[in-house]
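First up is the structure itself, then whatever we jot down about it.
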Amino acid sequence: MYAPRVQTVPLPVEDPATMTQSHSPSSTGMYLIKLESVTISQQIELEEVSLITPIHVHTPTVHVGLIYGSFPGQTMTALDAVMFLQQLSRATIDRNAYTQLSPEVKARVKAAFIQRCGAAASNYTVIWDDFMAGRNVSNCPIGRDLLLGAVEVWGVESVSFGGFSVIHLA
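The numbers in numbering that gives the first Met the number 0 rise by one with no breaks, and the one at position 134 of the sequence shown is 133.
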């Protein structure tokens with residue numbers, strides 16, 4: 000048997016002189032990874048981390064979903080998983096796929112959509128109703144809403160004992 004192997008992404012450090020966070024790769028390593036802009040140095044670090052499918056995707060409060068490979072137990076780099084999440088976060092949600100989600104997940108996705116659009120679109124209920132009716136809308140729900148607005152990678156765990164890996168989003 001193997002003990003779980005945990006690889007984490009350290010949080011940015013605060014500079015005591017300026018009371019600001021340092022984002023220097025040399026001082027913090029991989030640190031916080033924003034899905035919208037994964038840096039080259041982060042990509043290099045993520046390429047070195049091997050994960051095992053299925054990969055569980057978690058926010059601080061909920062299990063969001065799974066990333067499957069071609070078969071269970073397949074190895075995948077953390078970079079491949081993060082790039083998949085990046086593409087997912089930008090893609091529009093297919094209404095038919097949305098209807099297959101559990102009622103609890105549907106409610107969370109809708110809440111994430113409303114939170115994302117709330118200040119920018121006063122007519123978000125009309126947009127949501129159009130989406131549910133199957134009409135094309137310009138500001139429809141996207142993968143970011145499926146991820147419940149959590150688009151920053153805070154940690155990556157390769158858990159060999161459990162036979163799966165975890166990506167922590169916030």
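Note that the Cβ used here is the ideal one computed from N, Cα and C, for glycine as well.
With a contact defined as Cβ atoms closer than 8 Å, leucine 31 and tryptophan 153 qualify at about 6 Å. Distance between valine 158 and leucine 50, taken at the CA atoms: about 8 Å. The beta-carbon distance between isoleucine 141 and isoleucine 92, rounded to whole angstroms, is 6 Å. This is short enough to meet the 8 Å contact definition. Valine 37 sits close to leucine 45, with the two beta carbons spaced by under 9 Å. Counting only runs of at least 4 residues, the region 44-119 fully encloses the following alpha helix (DSSP H) elements, listed from N- to C-terminal order: 77-89, 94-98, 102-116. Taking a cut-off of 8 Å for Cβ pairs, the region 132-150 and the region 105-119 touch, as three or more such pairs fall below it. Between the alpha carbons of glycine 68 and arginine 134 lies a gap of roughly 32 Å.
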